[in-house]
Amino acid sequence: MIPSDHFTRFYNEVFKFLEKQGEEDLKQYWLEISKNQEKHTLDLFREKGLKGMYEYWDHIRIEENCDLDLKLEDDKLELKMNVCPSLSKVLDNDAEPMKRYCDHCAGWIGPIMDKVGYHLVYDVIDRSKPQCVVKIFKDKEKAIEEEKNVKLLMGWPGKK
Amino acid sequence: MTDKNPTSLRYHDKGNVHMDFHGATNTTINFIIEKYGIKTMNDIFKKVGNDVYADIKKHIQSGNIKVLAEHWQHFFDREGADFSISIKENEIILTVKKCTAYEHVKKLVGKVSPNFCDQTIKTNEAIAEGTPYEIKTEILGEASCKQIIRKRL
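First to last, the protein sequences are chains A and B. Following the numbering used here, the numbering of the first sequence begins with 376 at its first residue and continues without gaps. Following the numbering used here, the numbering of the second sequence begins with 2 at its first residue and continues without gaps.
Here is the structure:
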């Protein structure tokens, strides 16, 4: 068994292999992970909207030992990841980190937000640091406006 | 779950455990095998064994096989598995009566990949490769296995 504690280091090896195959291969994998994650998120997000998203990431905050601030507003959910355990483990690793490790996160979350009709603005800030800011909007125009303020905006397969 | 504090482990995780990662591992195994074939999947596990677990490999190379027992104890304990470890001078046997990773995936998706346990078999083989020891994994049944490290003959 690769312990669940070490999943992200396994993930990192998969990303390195796929990156060598090409961008399309990476995107197909993110979409596969996104489908996997639908089991945990889709119904909750459709039924409860931003409140359901808050519930999901609050559970993740605890279970994955994240240093994460969550702020729920009427039209927006903000996740401020102060210390991301996923990238932290990949950096604290005897194997070489994949330089674009962070990209997978928007890669699976983005397609789910597209499906449920919400608008994701994913600021990775700096791929070498385990921190990011994620904002999810009800209103598309507000998301487009917010995109002007980010440092390193992430995309995902199918992003318009 | 207990939180022992083994000092010789390179990775010594604490805190909560996110078992759903095993579901993502299962998805990954299916995806890689379907798209690239089983050899590619095994090569990735080999990289995990050689590179991610380079420190365990180094210990085994120098004859300290107890570090593997320490690794097993720490992580199977954290995941709440039903297991036992028997330690002799040149042989350590881990018997997993109930693998909680396998059980969790079964609960999540119903059908576990037939190659799910390759993560154990192939990663173990890679950790031992090039050392005076071998690590054999015997599948005893669903969610149950025996992992044995012993000197090569």
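Glycine included, each C-beta is placed from N, C-alpha and C at the ideal position. Bear in mind the structure is a predicted one, so any value in this text is a computation, not a measurement.
Answer yes or no: does any C-beta atom of chain B fall closer than 7 Å to that of residue i?
| i | result |
| --- | --- |
| F385 of chain A | yes |
| R518 of chain A | The identity of residue 518 of chain A in the sequence shown is Ala, whereas the question assumes Arg. Judged by the 7 Å Cβ criterion, A518 of chain A is not in contact with chain B. |
| S379 of chain A | yes |
| E439 of chain A | yes |
| F390 of chain A | no |
| D335 of chain A | The structure shown does not extend to residue 335 of chain A, since chain A is modelled only from 376 to 535, so the question has no answer here. |
| A481 of chain A | no |
| N411 of chain A | yes |
Examine chain A for any beta-carbon lying closer than 7 Å to the beta-carbon of residue i, and answer yes or no.
| i | result |
| --- | --- |
| N17 of chain B | yes |
| K48 of chain B | yes |
| D56 of chain B | yes |
| K147 of chain B | no |
| D52 of chain B | yes |
| T138 of chain B | no |
| I93 of chain B | no |
| I86 of chain B | no |
| I66 of chain B | no |
| I45 of chain B | yes |
| K5 of chain B | Confidence at K5 of chain B is low in this model, with a pLDDT of 47, below 50, so the placement of that residue is unreliable and no value is reported for it. |
Which chain B residues are close to residue i, counting only those with a beta carbon under 7 Å from its beta carbon?
| i | result |
| --- | --- |
| Y463 of chain A | Reading off the sequence shown, one finds Ser at residue 463 of chain A, where the question assumed Tyr. Correct list: empty, because the minimum Cβ distance to chain B is about 11 Å. |
| F382 of chain A | F22, A25, T26 |
| E407 of chain A | T28, F32 |
What distance in whole Å lies between the Cβ atoms of residue j and residue i, which are believed to be in contact at a cut-off of 8 Å?
| i | j | result |
| --- | --- | --- |
| L443 of chain A | N457 of chain A | 7 Å |
| I39 of chain B | F392 of chain A | Rounded, the Cβ-Cβ distance is 14 Å, inconsistent with contact. |
| L452 of chain A | Y497 of chain A | Actually they are not in contact, since the Cβ atoms of L452 of chain A and Y497 of chain A sit about 12 Å apart, beyond 8 Å. |
| G50 of chain B | A127 of chain B | 3 Å |
| H13 of chain B | E438 of chain A | Rounded, the Cβ-Cβ distance is 19 Å, inconsistent with contact. |
| L109 of chain B | G24 of chain B | 4 Å |
| D469 of chain A | A55 of chain B | 4 Å |
| L401 of chain A | F390 of chain A | 7 Å |
| T132 of chain B | Q62 of chain B | 5 Å |
| L447 of chain A | K423 of chain A | Actually they do not touch by this definition, with Cβ atoms about 11 Å apart. |
| K517 of chain A | D450 of chain A | 7 Å |
| I88 of chain B | K67 of chain B | 7 Å |
Do residue i and residue j have their CB atoms nearer than 7 Å?
| i | j | result |
| --- | --- | --- |
| I57 of chain B | I93 of chain B | no |
| I487 of chain A | T416 of chain A | yes |
| F32 of chain B | E407 of chain A | yes |
| H494 of chain A | K523 of chain A | no |
| A481 of chain A | W531 of chain A | yes |
| K526 of chain A | G485 of chain A | no |
| N27 of chain B | V106 of chain B | yes |
| F84 of chain B | F77 of chain B | yes |
| W337 of chain A | S379 of chain A | Missing from the structure shown is residue 337 of chain A; chain A here goes from 376 to 535 and no further. |
| P505 of chain A | C441 of chain A | no |
| K490 of chain A | T383 of chain A | no |
| P48 of chain B | E388 of chain A | A small fix is needed here, since residue 48 of chain B is Lys in this sequence, not Pro. For K48 of chain B and E388 of chain A, yes; Cβs fall inside 7 Å. |
| M428 of chain A | T121 of chain B | no |
| E104 of chain B | A144 of chain B | yes |
| Y476 of chain A | L462 of chain A | yes |
| N91 of chain B | K152 of chain B | yes |
Going along chain A, which residues have a C-beta under 8 Å from residue i?
| i | result |
| --- | --- |
| L109 of chain B | K414 |
| E80 of chain B | M376, P378, S379 |
| R11 of chain B | D469 |
Could you work out which residues of chain A lie near residue i, taking near to mean beta carbons separated by less than 9 Å?
| i | result |
| --- | --- |
| A102 of chain B | M376, I377, P378, S379 |
| T121 of chain B | M376, I377 |
Under 8 Å Cβ-Cβ, which residues of chain B neighbour residue i?
| i | result |
| --- | --- |
| N468 of chain A | V53 |
Could you work out which residues of chain B lie near residue i, taking near to mean beta carbons separated by less than 9 Å?
| i | result |
| --- | --- |
| Y404 of chain A | T29, F32, I33, K36 |
Given that residue i touches chain A, what residues does it touch there, using C-beta distances under 7 Å?
| i | result |
| --- | --- |
| F76 of chain B | P378, D380 |
| D14 of chain B | D380 |
| A124 of chain B | According to the sequence as given, residue 124 of chain B is Thr; it is not Ala. Within chain A, the residues near T124 of chain B are I377. |
| I39 of chain B | By Cβ distance, chain A contributes nothing, its closest Cβ being about 14 Å from I39 of chain B, past 7 Å. |
In chain order, each alpha helix (DSSP H) run of at least 4 residues that lies wholly inside the stretch 430-492 of chain A | 460-466, 478-491
In chain order, which alpha helix (DSSP H) runs of at least 4 residues are fully inside the stretch 28-103 of chain B?
-> 39-48, 55-62, 67-79
Completely contained alpha helix (DSSP H) runs for the stretch 490-527 of chain A, where each covers 4 or more residues | 515-522
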